[in-house]
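Protein chains in written order, with my numbering: chain P, 1 to 263; chain G, 1 to 263. Where is the CB? At the ideal position from N, CA and C, for every residue including glycine. Since the model is a prediction, treat every value here as computed from it, not as a measurement. To start, the structure itself, in structure tokens.
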């Protein structure tokens, strides 16, 4: 058994944001495994087989990748963004732990990528200038009460909050509820960023106010990263362009000062 | 005035983790501005001037970069990792807001990079598989009570926690106190990762248990990223290598189940 497995982050989509290490890992693979739309971003290559699969079958996909590697193939599992952030890396290790003990002898590597919140931040200014967190709003894998308890905790503690997987056809109301919760903790003019498909041809970026964000939730989709500012996050207006959004590095007041709502 | 400013993320250090966009932005600059050790990573280039500065003078450095750009230079401000994560981007926007209004006419762009927590996660497995946060332990810019209040909030809510700027000569005890707090919330065998200079020649990686982490705090330095697992973060042992660390994607219990301490 001389196969191998590498879990590769494609970044947000632009070739100019794909690391040389990730590019090389893809080029050296005999087999590419991933969600169909991610595989579609990679040009076909002679002698390289693509194994596309649907969304929401991550464990089956990970098991398939490990099986191919155990058969001696050089397998690359591809993820959008960074593979460790709400993507394929954790699924591969779950499958590894539950699967054939022989898989533990396989060389497994991870190639990081630019995750959506870094791309969205780069496009808007420096919204992640303070302490921040990333929460998946999907309740496929955790109870909704856990998501809201976590959201409440980081709203009170005044983190900048990045929401991944904010909305889908099966989960139409969660984002609106989350933004409604946020509106009870943050000043009404706190910037909320809807960053969709940043780094791809159809990218769009909207900077909303906290008091209008919940009503706009329905315009987000699974390709949208929603970023809720801290209470100190602010805009710098400029002529001829969208305002910059940034979070000052300094914090002078208690993080609990906003927990009573400020409207 | 035809100058420009780009704030560039060099990533963790390896050229193979530097994005093509960041590389191009550096190559196109007439002037490079940054902390000396970051500038040292960039090969000298004819016609390109390096303006190195000390650590902890970020606002002065940002003002200098904006001044050069306003004089018509093509300026690249370089940061390690991602420029938006506890690095130069926020300092540039603070200087912009407080500075010469003419600076608002400058084109300003940000090129994202692989930040330390993504590199550390890639080297160890998938520790960021669940909800996670990033906190700077530096109290230069925020009161220590704010850092501890935030830490307490995300410990109770069971996030994976990444600590940036964990320790320095001027702040020798904060990391030990933070890890002591963590030990009161997490199971004793929760993995704690000390990832130092990942992606550089002198990189080192240690996976400790929660109950031994606080005593090891003194071995960290400013190049170390400390990652505290969630209560579900676990190890997969393997022959002939360090164990993998991963956080399963699923959460089944209340995030408050660990808030009473579990020893």
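DSSP state of residue 79/P mapped onto helix, strand, coil: For residue 79/P, the three-state secondary structure derived from DSSP is strand.
For residue 111/P, is the classification buried or exposed, using 16 other Cβ atoms within 10 angstroms of its Cβ as the cut-off for buried? Buried, by the Cβ-count rule.
Return the CA-CA distance between residue 220/G and residue 191/G, expressed in angstroms with no decimal places. In a straight line, the C-alpha of residue 220/G is about 16 Å away from that of residue 191/G.
Have a look at residue 7/P and residue 248/P and give me their C-alpha separation to the nearest angstrom. Those two C-alpha atoms are separated by around 35 Å.
Can residue 130/G and residue 245/G be called in contact, C-beta distance under 7 Å? At the C-beta level, residue 130/G and residue 245/G stay beyond 7 Å of one another.
Return the chain-ordered ranges of every beta strand (DSSP E) run that is complete within the segment 180 to 254 of chain G and spans a minimum of 3 residues. Runs of the beta strand (DSSP E) inside the segment 180 to 254 of chain G: 191 to 196, 204 to 209, 224 to 228, 234 to 236 and 244 to 246.
For residue 157/G, name the three-state secondary structure that DSSP assigns. Looking at residue 157/G - three-state DSSP - the assignment turns out to be coil, as it is neither helix nor strand.
Hey, would you say residue 120/G sits closer than 7 Å to residue 225/G, going by beta carbons? Residue 120/G places its beta carbon less than 7 Å from that of residue 225/G.
Beta-carbon separation of residue 162/G and residue 134/G under 7 Å? Yes.
Could you check how far apart the C-beta atoms of residue 68/P and residue 48/P are, in whole angstroms? I think they sit under 8 Å. Wrong, their Cβ atoms sit about 12 Å apart, outside the cutoff.
Taking 7 Å as the CB-CB cut-off, is residue 260/P touching chain G? Annotation note: pLDDT 43 at residue 260/P (below 50); position unreliable, no value reported.
Can you tell which of 27/G, 66/G and 193/G has its C-alpha closest to the C-alpha of residue 122/G? Comparing alpha carbon positions, the residue from 27/G, 66/G and 193/G closest to residue 122/G is 193/G.
Helix, strand or coil at residue 26/G according to DSSP, with G and I counted as helix: Note: residue 26/G maps to helix in three-state DSSP.
If the cut is a Cβ gap below 8 Å, which residues of chain P does residue 133/G touch? Ordered by position in chain P, the residues that pass the 8 Å Cβ test against residue 133/G are 131, 132, 133, 134, 154 and 159.
Can you pull the chain P residues whose beta carbon is under 9 Å from the beta carbon of residue 38/G, in chain order? Against chain P, the beta carbon of residue 38/G has no neighbour under 9 Å; the closest one sits roughly 17 Å away.
Please look up how many angstroms separate the CB atoms of residue 38/G and residue 80/G, rounded, as I've assumed it's under 8 Å. Their Cβ separation, rounded to whole angstroms, is 5 Å, which keeps residue 38/G and residue 80/G in contact under 8 Å.
Does any C-beta atom of chain P lie closer than 7 Å to the C-beta of residue 81/G? Chain P contact via Cβ: absent.
Residue 40/P by DSSP, collapsed to three states: which one? Here residue 40/P sits in helix by DSSP.
Would DSSP call residue 111/P helix, strand or coil? Here residue 111/P sits in strand by DSSP.
If we ignore side chains and look at the alpha-carbon of each, how far apart do residue 261/P and residue 186/P end up? No answer about residue 261/P holds up, because its pLDDT of 41 lies below 50 and its placement is not dependable.
Using the DSSP secondary-structure output, state which residues sit across from residue 64/P in a beta bridge. DSSP lists no partner for residue 64/P.
Which bits of chain G does residue 91/P rub up against, with CB to CB less than 7 Å? 249, listed in chain order.
Kindly list, in the order they appear in chain G, the residues whose Cβ is closer than 8 Å to that of residue 21/P. Listed along chain G, the residues sitting closer than 8 Å to residue 21/P by beta-carbon distance are 14, 16 and 17.
Which bits of chain G does residue 111/P rub up against, with CB to CB less than 8 Å? Here the neighbours are 122.
Compare the C-beta of residue 338/G against all C-beta atoms of chain P and say whether one is closer than 7 Å. Because chain G is modelled from 1 through 263, residue 338/G falls outside the range shown and cannot be assessed.
At least 3 beta-carbon pairs within less than 8 Å: the segment 143 to 154 of chain P vs the segment 147 to 154 of chain G: Contact between the segment 143 to 154 of chain P and the segment 147 to 154 of chain G is present: three or more C-beta pairs spanning the two stretches fall below 8 Å.
Taking C-beta to C-beta, are residue 241/G and residue 214/G nearer than 7 Å? Judged by beta-carbon spacing, residue 214/G lies beyond the 7 Å limit of residue 241/G, meaning their Cβ atoms are not closer than that value.
Listed by chain order, chain P residues near residue 238/G by CB distance under 8 Å: Those within 8 Å of residue 238/G in chain P are 104 and 105.
When you compare the CB positions of residue 13/P and residue 200/P, do they come within less than 7 Å of one another, or not? In this structure, the beta-carbon distance from residue 13/P to residue 200/P falls below 7 Å.
Is residue 125/P close to chain G, meaning its C-beta is less than 7 Å from at least one C-beta of that chain? Taking CB atoms only, residue 125/P has a neighbour in chain G less than 7 Å away.
When you compare only the Cα positions, how much space is there between residue 90/P and residue 73/G? Going by the C-alpha atoms only, they are around 45 Å apart.
Burial state of residue 174/G, where buried means 16 or more other Cβ atoms lie within 10 Å: With 16 or more other Cβ atoms within 10 Å, it is buried.
Whole angstroms is fine: what's the gap from residue 172/P's alpha carbon to residue 218/P's? Using only the alpha carbons, I get a separation of about 7 Å.
What are the residues that DSSP puts in a beta bridge with residue 100/P? Looking at the DSSP assignment, residue 100/P forms no beta bridge with any residue, so it has no partner.
Our contact map puts residue 86/P next to residue 136/P with C-beta atoms below 8 Å; I'd like the distance itself, whole angstroms only. Indeed, because the Cβ distance is near 5 Å, the residues count as touching under 8 Å.
Do you know whose CA, among 223/P, 96/P, 61/P and 41/P, lies nearest residue 238/G's CA? When only C-alpha atoms are compared, the closest one is 96/P.
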